[in-house]
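Visitor: Next up is a structure, given as structure tokens.
Here it is in structure tokens:
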């Protein structure tokens, strides 16, 4: 009895010692950085990236902590507000990042602290810039492009070619429908997929960057006939969307395309990886939505997906900067693109994936900002919310294109300074 | 002396755990959102005191006022339809079940079963059933020759909200039925016997004996339904997201509040407006609180009369 008690006491003591000494001995002089993300699905890939970094920086250990995508914004904002949070955080682009930067929660970055930033094009850095002070607060990690994805096998079987004019595009839809395919997988139940549809189609009819630049600068409004014309053009796709498309949600769209029920989908570059996972045999081709005449249109909408930034309250700013610098290298960008099948935002990265490479080359030829996200997603009601809900109204025949335009304009005028003149 | 003091105060000790939890998780958030609603907010930073500006905005400024009125109408519709279903169909089922018997007991369990499911499960289940491409609802309609009635139930502006209300009723109905049954058991059998001796038909007996005695139960269940339906959120959020999709056809006060306060998670990246959101939350609270007090008062008065 007494013996066992002694033994227990010894055990407790050793346990205490192990706890007290263990981590200190294990991490002699090592700084641990925490790194928050919303990419729970990328935990293995980030593990690999971090290993490469740690091999070069033996004095730093990075801990990757992902949270649920839809709750991430709230979790991060709450933590930063309370003066805690990670050393490094994945940040949403544009308006999502700006609110945190404006509140002073993030460290401003420039080419002196992060030399890699110098090579990023200005348009990309906009995704991580606070418009109020013009400073950059993050290193962009991915860009996304919006275009038509099509099933190559189906096109080959039916002898179809990539269209060069809008009429050819519609005719393509009619042929596919005749042959029993759903021509376009796009539905309308989840409003945001309508914004993606808009990103693929509308720039080719509102006149690409001319209109986009003018409306962002406040030189024209959304009541511009070019914008209304573009909305009306979107409606011409209705016969080629799935039956009961207003009930078709995002996952339905994905399944229809991946299971080869639908032959085309106007979608973001981020879908490629998902489709290939759902159906390893699928052969995906891409083309931009054509304009009225051959040579018109062909715009690919581009936006920055997000960036990596440093918490202003971090106790290890110097080490965090070293990690951020690593994230801005071509080496990292290449790993990111190959491992995750997503276009890296780092200039000079050439994706190995042929579909991604083609998307990027299309975007290099003719790109335009994904309008509402890049220009109007900063305050409420955001351009995205207005566009998405009002497009649902238009596709349900409750609103005309003119009404949609007027609703968007009056909603944005509530907070968008250039519209308040 | 000391002992008496202790004895008098000791009940606090037993109340404390519940009281602390209630204060921390109910009273404090309620008061703080009340406080938030009087301030101007820039994203997550609290700025100056702004009095009733947020309330004025929500109540009188477009597009907020349109959304508020739209959402309120949908809540009223949600409650009215649910109330209608549970006090007709639900009550009918309860009276039938009250006749007893093995088969009916099994039915009673079956009706109550959906109520034990989580709203999220119910939402996903019906999302699958109602899916226009793969769902069973449209397929069954087509199979029995009613294919022309097939539609995108949740994507059509005309059917989206009624569909959700029916899904909610499917889950909820077990609760009122069970409470009605308890109420029916409480009515003394002699009264029914007396009615029968007096030559009352079964409808007359129900109308003049059962219904008046069940009225307080129906009243209480209705108040609970009211509170629940005016705070409706989970099912709609699971099935349609927080943007009131399609085109605000399913927007209720709960989704309007969530979207405004925390940013629209379905559109992504939008920043919440804490002040406006809090104002909506306070208005919701006042509405539900006032209506419930009036409801309880009406029931009490009726009980006294009887």
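Residue numbers (my numbering), protein chains in the order written: chain A, 140 to 560; chain B, 2 to 307.
Quick reminder that beta carbons are idealized off the backbone N, C-alpha and C, glycines included.
Is the beta carbon of residue 305 of chain A less than 8 Å from the beta carbon of residue 229 of chain A?
Guide: The count along the first chain starts at 1 and reaches residue 305 of chain A at position 166. The count along the first chain starts at 1 and reaches residue 229 of chain A at position 90. It is not a contact, given that the beta carbons lie outside the stated cut-off.
Visitor: Using a Cβ-Cβ cut-off of 7 Å (strictly less than) and excluding sequence neighbours within five positions of residue 309 of chain A, which residues of its own chain qualify?
Guide: Looking up residue 309 of chain A in the first chain gives position 170. Excluding positions up to five away in sequence, the list reads 375.
Visitor: Below 8 Å between beta carbons: does that hold for residue 1 of chain B and residue 254 of chain B?
Guide: Past the edges of chain B, shown from 2 to 307, lies residue 1 of chain B, and the structure says nothing about it.
Visitor: Mind pulling the alpha helix (DSSP H) runs of 4 or more residues that sit fully within the stretch 296-351 of chain A?
Guide: With a minimum length of 4 residues, the continuous alpha helix (DSSP H) runs that stay inside the stretch 296-351 of chain A are 305-317, 330-340 and 342-345.
Visitor: With DSSP run on the structure shown, which of helix, strand or coil describes residue 289 of chain A?
Guide: Here the question's residue 289 of chain A lines up with position 150 in the first chain. Residue 289 of chain A falls in the strand class under three-state DSSP.
Visitor: Kindly confirm or deny that the stretch 454-469 of chain A and the stretch 235-253 of chain A touch, where touching means at least three C-beta pairs closer than 8 Å.
Guide: Verdict: yes, contact present.
Visitor: Might you give, ordered along the chain, the residues of its own chain that have their beta carbon closer than 6 Å to the beta carbon of residue 106 of chain A, omitting 5 neighbours on each side?
Guide: Past the edges of chain A, shown from 140 to 560, lies residue 106 of chain A, and the structure says nothing about it.
Visitor: On the three-state DSSP scale, how would you describe residue 229 of chain A?
Guide: Residue numbering aside, residue 229 of chain A sits at position 90 when the first chain is read from its first letter. Reduced to three states, the DSSP call for residue 229 of chain A is strand.
Visitor: Going by C-alpha distance, which of A:232, A:195, A:501 and A:243 is nearest residue 452 of chain A?
Guide: One-based indexing of the first chain puts residue 452 of chain A at position 313. Cα-wise, what sits closest to residue 452 of chain A is A:243.
Visitor: Would a C-beta distance cut-off of 8 Å place residue 165 of chain B and residue 240 of chain B closer than the cut-off?
Guide: Your numbering for residue 165 of chain B matches position 164 in the second chain. Your numbering for residue 240 of chain B matches position 239 in the second chain. For residue 165 of chain B and residue 240 of chain B, yes; Cβs fall inside 8 Å.
Visitor: Residue 274 of chain B touches chain A at which residues, Cβ-Cβ below 7 Å?
Guide: In the second chain, counting from the first residue as 1, residue 274 of chain B sits at position 273. Within 7 Å Cβ-Cβ: 519.
Visitor: Starting from residue 446 of chain A and walking both ways along the beta strand (DSSP E), at which residues does that stretch end?
Guide: Indexing the first chain from 1 puts residue 446 of chain A at position 307. That run of the beta strand (DSSP E) goes 439-449.
Visitor: So, with DSSP's three-state summary, where would you put residue 483 of chain A?
Guide: In the first chain, residue 483 of chain A corresponds to position 344, counting from 1. In this structure, residue 483 of chain A counts as strand in the three-state DSSP scheme.
Visitor: If you reduce the DSSP assignment to three classes, tell me which class residue 145 of chain A lands in.
Guide: Start at 1 with the first residue of the first chain, and residue 145 of chain A comes out as number 6. Below a pLDDT of 50, predicted positions are generally treated as unreliable, and residue 145 of chain A, at 49, falls in that range; the measurement from the model is reported next regardless. Correct three-state label for residue 145 of chain A: helix.
Visitor: With three or more beta-carbon pairs closer than 8 Å as the criterion, would you say the stretch 342-353 of chain A touches the stretch 244-258 of chain B?
Guide: No contact exists between the stretch 342-353 of chain A and the stretch 244-258 of chain B.
Visitor: Using 8 Å as the threshold, is the stretch 209-222 of chain A in touch with the stretch 481-498 of chain A, meaning 3 or more CB pairs across them?
Guide: The answer is no - the stretch 481-498 of chain A does not touch the stretch 209-222 of chain A, with fewer than three Cβ pairs under 8 Å.
Visitor: Contact between the stretch 82-95 of chain B and the stretch 167-180 of chain B: three or more CB pairs below 8 Å?
Guide: Enough Cβ pairs lie closer than 8 Å, so yes.
Visitor: Could you tell me if residue 216 of chain A is buried or exposed, where buried requires 16 or more neighbouring beta carbons within 10 angstroms of its beta carbon?
Guide: Taking the first residue of the first chain as position 1, residue 216 of chain A is located at position 77. Classification of residue 216 of chain A: buried, given that the 10 Å Cβ count is 16 or more.
Visitor: For the stretch 384-396 of chain A, which residues have a CB atom closer than 9 Å to at least one CB atom of chain B, in sequence order?
Guide: Residues passing the 9 Å Cβ filter: 384, 385, 386, 387, 388, 391, 394 and 395.
Visitor: Given this structure, state the Cα-to-Cα distance separating residue 285 of chain A from residue 328 of chain A, to the nearest angstrom.
Guide: Within the first chain, residue 285 of chain A is the residue found at index 146, counting from 1. Within the first chain, residue 328 of chain A is the residue found at index 189, counting from 1. Approximately 19 Å between the Cα atoms of the pair.
Visitor: When the Cα atoms are used, what is the spatial distance from residue 60 of chain B to residue 236 of chain B?
Guide: Along the second chain, one-based indexing puts residue 60 of chain B at 59. Along the second chain, one-based indexing puts residue 236 of chain B at 235. Roughly 26 Å between the two C-alpha positions.
Visitor: Quick one: any contact between the stretch 508-526 of chain A and the stretch 349-369 of chain A, if contact means 3 or more CB pairs under 8 Å?
Guide: Because the criterion of three Cβ pairs below 8 Å is met, the stretch 508-526 of chain A and the stretch 349-369 of chain A touch.
Visitor: Let me make sure I understand the geometry here. Which of A:549, A:476, A:524 and A:459 has the alpha-carbon closest to that of residue 199 of chain A?
Guide: The sequence position of residue 199 of chain A within the first chain is 60, counting from 1. Residue 199 of chain A has its Cα closest to that of A:459, out of A:549, A:476, A:524 and A:459.
Visitor: Please list the partners that residue 56 of chain B has in chain A, where partner means a Cβ-to-Cβ separation under 8 Å.
Guide: In the second chain, the residue the question calls residue 56 of chain B occupies position 55. None at all; the shortest Cβ gap to chain A is about 17 Å.
Visitor: Residue 550 of chain A touches chain B at which residues, Cβ-Cβ below 7 Å?
Guide: Position 411 of the first chain holds residue 550 of chain A. Here the neighbours are 64.
Visitor: Flag this pair as touching only if the stretch 388-397 of chain A and the stretch 291-302 of chain A have three or more C-beta atom pairs under 8 Å; answer yes or no.
Guide: Touching, no.
Visitor: Run through chain A and tell me which residues come within less than 8 Å of residue 154 of chain B, C-beta to C-beta.
Guide: Here residue 154 of chain B refers to the residue found at position 153 of the second chain. Neighbours of residue 154 of chain B on chain A, chain order: 386.
Visitor: Of the residues that make up the stretch 359-383 of chain A, which ones have a beta carbon closer than 8 Å to any beta carbon in chain B?
Guide: The stretch 359-383 of chain A vs chain B, Cβ under 8 Å: 381, 382 and 383.
Visitor: With DSSP as the reference, label residue 17 of chain B as helix, strand or coil.
Guide: Sequence index remark: in the second chain, residue 17 of chain B carries index 16 (1-based). Correct three-state label for residue 17 of chain B: helix.
Visitor: Quick one, which residues of the stretch 118-135 of chain B are near chain C if we go by CB-CB under 9 Å, in chain order?
Guide: Note that chain C does not occur in the displayed structure, where the protein chains are A and B.
Visitor: Using a C-beta to C-beta distance shorter than 8 Å, which residues of chain A count as neighbours of residue 242 of chain B?
Guide: For the purposes of this step, residue 242 of chain B is taken as the residue at position 241 of the second chain. The answer, in chain order, is 329 and 330.
Visitor: Under the DSSP definition of a beta bridge, which residues are partnered with residue 50 of chain B?
Guide: Reading the second chain from its first residue, position 49 is the one you call residue 50 of chain B. B:40.
Visitor: Relative to the C-alpha of residue 111 of chain B, which candidate in B:242, B:198, B:287 and B:176 has its C-alpha closest?
Guide: On the second chain, residue 111 of chain B is found 110 positions in, with the first residue counted as 1. Checked all of B:242, B:198, B:287 and B:176; the closest Cα to residue 111 of chain B is B:176.
Visitor: Excluding sequence positions up to five away, which residues of its chain have a Cβ less than 6 Å from the Cβ of residue 553 of chain A?
Guide: Position 414 of the first chain, counting from 1, holds the residue named residue 553 of chain A. Once the five neighbours on either side are set aside, residue 553 of chain A has no close Cβ partner at all.
Visitor: For the 8 Å Cβ check, are there 3 or more pairs between the stretch 316-324 of chain A and the stretch 140-148 of chain B?
Guide: Too few Cβ pairs lie closer than 8 Å, so no.
Visitor: Touching or not, the stretch 230-238 of chain A and the stretch 276-285 of chain A, by the rule of three or more beta carbon pairs under 8 Å?
Guide: Touching, yes, given that three or more Cβ pairs across the two stretches are closer than 8 Å.
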